[in-house]
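Working notes, beginning with the structure itself.
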Amino acid sequence: DSGVTQTPKHLITATGQRVTLRCSPRSGDLSVYWYQQSLDQGLQFLIQYYNGEERAKGNILERFSAQQFPDLHSELNLSSLELGDSALYFCASSVHHEQGVRTDTQYFGPGTRLTVL
Amino acid sequence: GNSVTQMEGPVTLSEEAFLTINCTYTATGYPSLFWYVQYPGEGLQLLLKATKADDKGSNKGFEATYRKETTSFHLEKGSVQVSDSAVYFCALSDGSARQLTFGSGTQLTVLP
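Going down the list, the sequences are from chains A and B. Just so you know, we're using the numbering used here here: the first sequence kicks off at 1 and counts up by one. Just so you know, we're using the numbering used here here: the second sequence kicks off at 1001 and counts up by one.
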C-alpha cells in the first residue's frame, strides 16, 4: 500500500459526459501528479500540482482540467468524453523534498479505470 | 526532450533463470532513474531507483546501475520467481521537470 488513494476504482460512462476522479496523496506529500495509461499511448504525464498551484503540464487535453485543494487532495475533471479517453488514470504524490535532499520519488495510487461507451 | 527506450517484450523465462531488461534514456539534464513494477490489476510500485551516475539501486533481488557513459539503467535479477511475473517500467525524472517519463513497459512471465 503506497498511501495514495484514488476513487472511484472503476467508472463507466457515455460519450459526451463529464466525470471527476479524486486523489488523496500520502500524508505529508505536497506534490500530486496525474498520469494516463492507455494501450496505444502508454503511460503519459498529464499535470502536476504543488501545494495547490499548477507546476507542470504534459499531454493534457483542453477538455481535461485538475485542481489541488487546501487539504492537498486533487481532482481530475474530464469533460466531453470520447471513446479514446478510456484508460487507466493514475495519481502519484511526492514529498518534493525529503530531509533537505531533493527527491523525485513518486508513489502511485491504484488508479481509476475509466470506460467510455 | 526526454525519452526512455525499453527492451521489447514479452519476456518469458523459467523459474530460477537470469533476467535482464534493457533500458536506455535520453535526457537534457542529470535525471534520476527508476524501475516501477505493475502486477496484474494493480497500480505502479516503485521497485528501485538511482539518483546519480554509478549509483546502484537494489530491492527484492533486483538490481540496476546508473551508467551515464552508456545512458543505461538495465534491470537484472539472478534468479526469477513465478511471483515476479508483472510489467516492468523504466522511468526517468529530469531535475528541472519533476514528472516521470516512462518507457513502454516490458511484460515478464515466469513459468514454474
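Heads up, the beta-carbon is just placed ideally off N, CA and C, and yes, glycines get one too.
Within the segment 23-42 of chain A, those residues whose Cβ lies closer than 8 Å to any Cβ of chain B are, in chain order, Ser31, Tyr33, Tyr35, Gly42. With fewer than 16 other Cβ atoms from the protein chains shown falling within 10 Å of its own Cβ, B:Val1082 counts as exposed. Residue nearest to B:Phe1034 within the set B:Cys1090, B:Gly1103, B:Leu1111 is B:Cys1090 (criterion: CA-CA distance). Counting along the chain, B:Ser1032 sits inside the beta strand (DSSP E) bounded by residues 1032-1038. When the five nearest sequence neighbours on each side are left out, the beta carbons in the same chain lying within less than 8 Å of the beta carbon of B:Asp1084 are those of Leu1019, Lys1077, Leu1108, Val1110, in order along the chain. For B:Tyr1088, the uninterrupted beta strand (DSSP E) run begins and ends at 1086-1093, by DSSP. If you look at A:Phe90, you'll find it in the beta strand (DSSP E) that goes 87-94.
Contact of B:Gln1099 with chain A by beta-carbon distance below 7 Å involves Tyr33, Phe45, Gln48, Ala56, Gly58.
Just so you know, the alpha carbons of A:Asn77 and A:Ala66 end up roughly 6 Å apart. Residue pairing for B:Gly1041: DSSP places it in no beta bridge.
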